[in-house]
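Engineer:
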Amino acid sequence: MAGASTGLHSAGDRLASARDRFLASLPVDRAEVREPILASWWRSREWNVAADRLRLAYLRTPDLESSLARAAEPVLRHLNDQLDGQPISIVLTDSAGLVLLRYTGDHDLERHLDAIMLAPGFSYAEDIVGTNGIGTALESGGPAHVFGHEHYAERLEGMACAGVPIRDPVSGKTVGVIDLTCWRRDADPLMISLVQSTAGQINQALGEVSNSRDLRLLQEYTRACRHTGGIVLALGQDVVMLNDHARNALSPVDQAVLISQATEALGRPPASGAVTVDLPSGTVARMFCRPVEQGRLPDGVVHVKLISAADPMAEVPAPRAPMSLPGLVGHGAAWRRACRAAEAAYERGEWLTLEGESGVGKLALARAVHQRHNPVAPCHVVDVTAGSDWLAEVREELADGTGLLIIRRVDALNARQIRALTEALAGAKAGREAVPRVAITLDREQATTDLTGLLRLFPGTVGVPPLRHHNEDLRELVPFFLGKLSQQGRVSCSPAAMQLLLRHTWPGNATQLWQVLKQVVQHRRTGQIMPQDLPPECWTVSRRVLSPLESIERDAIVQSLLDNAGNKIRAARALGMSRATIYRRIHEYGIVTPAG
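Sequential numbering from 1 applies to the sequence shown in our numbering.
1. With DSSP collapsed to three states, give me the class of residue 291.
2. Among residues of its own chain, excluding the 5 on either side of residue 470, which ones have a beta-carbon nearer than 8 Å to its beta-carbon?
3. Would you please state the rounded distance, in angstroms, between the beta carbons of residue 205 and residue 292? I believe it to be under 8 Å.
4. Keeping to the same chain, check which residues put their C-beta closer than 8 Å to that of residue 118; ignore five residues upstream and five downstream.
5. Please state if the CB of residue 506 and the CB of residue 623 are separated by a distance shorter than 7 Å.
6. Whose CA, out of 541, 37 and 532, lies closest to the CA of residue 504?
7. With C-beta atoms as the reference, is residue 177 less than 7 Å away from residue 165?
8. From residue 499 to residue 478, what does the alpha carbon distance come to, in whole angstroms?
9. Kindly indicate which three-state DSSP category residue 311 falls into: helix, strand or coil?
10. Enumerate in chain order the residues of its own chain whose CB-to-CB distance from residue 346 is below 8 Å, with the five nearest sequence positions on each side excluded.
11. Going by DSSP, what residues sit across from residue 355 in a beta bridge?
12. Drop a sphere of 10 angstroms on the beta-carbon of residue 466, count the other beta-carbons inside from all chains shown, and report buried for 16 or more, exposed for fewer.
13. Just the Cα atoms here: how many angstroms apart are residue 20 and residue 184?
14. Do residue 338 and residue 462 count as a contact pair if the criterion is CB distance below 7 Å?
15. DSSP three-state label for residue 128, please.
16. Hey, could you find the ends of the alpha helix (DSSP H) residue 168 is sitting in?
17. Whose C-alpha, out of 536, 16, 275 and 579, is nearest the C-alpha of residue 591?
18. Along the alpha helix (DSSP H) that carries residue 498, what are the first and last residues, could you check?
19. Would you check if the distance between the CB atom of residue 155 and the CB atom of residue 54 is smaller than 7 Å?
20. Leaving out the 5 sequence neighbours to the left and right, which residues in its chain are closer than 8 Å to residue 418 when beta-carbon positions are compared?
21. Under DSSP, the alpha helix (DSSP H) around residue 475 begins and ends at which residues?
22. So, residue 585 versus residue 557, is the Cβ gap smaller than 7 Å?
23. Specify, as a first and last residue, the run of the beta strand (DSSP E) that residue 408 falls within.
24. By a C-beta neighbour count over all protein chains shown, 10 Å radius and 16 as the cutoff for buried, is residue 94 buried or exposed?
25. So, helix, strand or coil for residue 8, using DSSP?
26. Note the first and the last residue of the continuous beta strand (DSSP E) segment covering residue 89.
27. Buried or exposed: residue 576, going by 16 or more other Cβ atoms within 10 Å of its Cβ?
28. Where does the unbroken alpha helix (DSSP H) through residue 371 begin, and where does it stop?
29. If you check the beta carbons only, do residue 597 and residue 365 fall under 7 Å apart?
30. Once you ignore the five residues that flank residue 16 on each side, which residues in its own chain have a CB closer than 6 Å to its CB?
31. Quick one: is residue 569 buried, meaning 16 or more other Cβ sit within 10 Å of its Cβ, or exposed?
32. Please report the distance separating the alpha-carbon of residue 481 from that of residue 550.
33. Give the DSSP-derived three-state secondary structure of residue 389 in the structure shown.
34. Would you call the stretch 240-253 in contact with the stretch 189-206, where contact means no fewer than 3 C-beta pairs closer than 8 Å?
35. Rounded to whole angstroms, what is the Cα-Cα separation between residue 573 and residue 583?
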């Protein structure tokens, strides 16, 4: 035993020395470090993970109502009972490495895990803490075991861990990781077998939960279609079903609004009566929602009745869902708040400032509010960046004295131009009774001069949120835009493509989304848009606008990853890049790696 112990310490010392050399950017003998660990070290370095300290922040409350958490909890409790008193911890994370559940039978180990923040609400993704059983399993897509000095962060060197990804039984996507963690001195090769066995049990339980839930929803949906007739929808966590009547009677935009409203209604406590929804097409619909499976996002079946003036049911009172403004879609809280504020200012007769990033929909919102409240009056739009005669055009419209005047992009004006505009508006307001309503749009972050004097003429400012602050509205915006871009709704968005669109942060906001979809329908004129139809910019989650050269490099990397089924090493080789460079660029540009 003494000889074995000496050999073990010798191997550990060599590994520690190899890690020190790697961190010092010195050559490392590959015989001293396992290939998966060395690859993870390279990724950790490219992600600028700190080796001398842990940089973790509490992210959010774990979702314990998810299918994964509910399926895994009984399995983990049973395993914890079996390991009672043993210095080993059982950890469940989601697909981003966020810890959902942790069971620990040893108080000293539990206190240490708290100290290194391996706890619910913190993420152990590889780009946050470097090489570890959770993050490395997620990055590699397979089992990962990391012992002692193989960890990238020094504070984890006293630990040993083994993690295995858990996959959705239907889609095959990774939904989480099951990990076993203990002290390095207590590490046992059986850990790997035990964690793989536990992952298999969770996968089986997840399949049973998903299958039974989806089966029950399908049965209730089929029964509703057979007995109720009319428009029927069924909504599950990952499932949306519409019968033929719904597809024939409703446009894609109306379908998106109904689905959004039904999801909200099913998530609220049961209420008496129906919910009335004003659809973008002008049709009024009454929804009857019946939950089938309770949870954070309950499943349910929805019966929809379209209402006409001759329908006696139209006189039955019902709580009304918020009406979309003409030509607009979206029911996200931030977007609705901006719409309500703009409407309130218009109703008070106030001049209005609409502020927000380029492309967020400031002009569309101003037009929609005016169209709802005064559709017969003209709406004049003057873009101060469109030509040199913009001030004369403003004065002419002010003299006309009717309708709504929208002055766009005033943040682009210099100090002299701001003074001239302020004088023109103030003079019109003071000199005549008949003055048109005035709205200005601006992006304060882009302004190069003081706007205080101009803004004194405008009682209130409505902040229009960037798309990333209400990206749930993409589920309505995408079909709405596709309905405008394609004839008779012949192009729709697949769930997989929608997931990519939802992950993108849209620095160009709704205008960028419109341009992307316009580009897509040029080559996808019928059928469903698939992930490979989307341009490279949609495969990134970067929040900054890239330079032209960066965009070219990003596009080349995304295309090479698509061509090589997501294999980064082959993609780098095809581009003539080193492995370290492609990892760094993927991180810098926020590229979502395509699934193999």
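A virtual CB, placed ideally from N, CA and C, is assigned to each residue, including glycine.
Structural biologist: So, from the listed chains and residues:
1. Residue 291 falls in the strand class under three-state DSSP.
2. Excluding five sequence positions before and after residue 470, the CB atoms of its chain that fall closer than 8 Å to its own CB belong to 330, 332, 333, 334 and 335, given in chain order.
3. About 20 Å separates the two Cβ atoms, so there is no contact after all.
4. Around residue 118: 89, 91, 99, 102, 124 and 181.
5. Nothing about residue 623 can be read from this structure; the chain reaches only from 1 to 596.
6. Relative to the Cα of residue 504, the nearest Cα in the group 541, 37 and 532 belongs to 541.
7. Between residue 177 and residue 165, the CB-CB gap stays under 7 Å.
8. Each residue's Cα considered, the two are about 12 Å apart.
9. Its pLDDT being 49, under 50, residue 311 is placed unreliably in this model, and the value from its coordinates should be taken loosely. Correct three-state label for residue 311: coil.
10. Here the set comprises 352, 369, 370, 373 and 437.
11. Bridge partners of residue 355 according to DSSP: 442 and 463.
12. Result: buried.
13. Whole-angstrom Cα-Cα distance: 19 Å.
14. It is a contact, given that the beta carbons lie within the stated cut-off.
15. DSSP places residue 128 in helix when its eight states are reduced to three.
16. Counting along the chain, residue 168 falls outside any alpha helix (DSSP H), and DSSP gives it neither H nor E.
17. Answer by Cα proximity: 536.
18. In the DSSP assignment, residue 498 falls within the unbroken alpha helix (DSSP H) covering 495-503.
19. The Cβ-Cβ distance between residue 155 and residue 54 falls below 7 Å.
20. Result list for residue 418: 410, 449, 450, 451, 453 and 454, in chain order.
21. Counting along the chain, the alpha helix (DSSP H) containing residue 475 begins and ends at 474-485.
22. Taking a C-beta distance under 7 Å as the contact criterion, residue 585 and residue 557 qualify as a contact pair.
23. It spans 404-408 - the beta strand (DSSP E) in which residue 408 sits, taken as one unbroken run.
24. Burial check for residue 94: the Cβ neighbour count within 10 Å reaches 16 or more, so the residue is buried.
25. Interpretation of residue 8 is limited by its pLDDT of 46, a score under 50 that renders its predicted location unreliable; the figure taken from the coordinates is listed afterwards. Helix at residue 8.
26. Here the beta strand (DSSP E) through residue 89 covers 88-94.
27. So residue 576 counts as exposed.
28. 362-373 is the span of the alpha helix (DSSP H), which, as asked, contains residue 371.
29. Residue 597 lies beyond the residue range present for the chain, which begins at 1 and ends at 596; the question has no answer from this structure.
30. Spatial neighbours of residue 16 in its own chain (CB-CB distance under 6 Å, excluding positions within 5 residues in sequence) are listed in chain order as 149.
31. Residue environment analysis places residue 569 among the exposed positions, since fewer than 16 neighbouring C-beta atoms fall within 10 angstroms of its C-beta.
32. Each residue's Cα considered, the two are about 28 Å apart.
33. In this structure, residue 389 counts as coil in the three-state DSSP scheme.
34. Not touching, per the Cβ criterion.
35. The straight-line gap from Cα to Cα measures roughly 12 Å.
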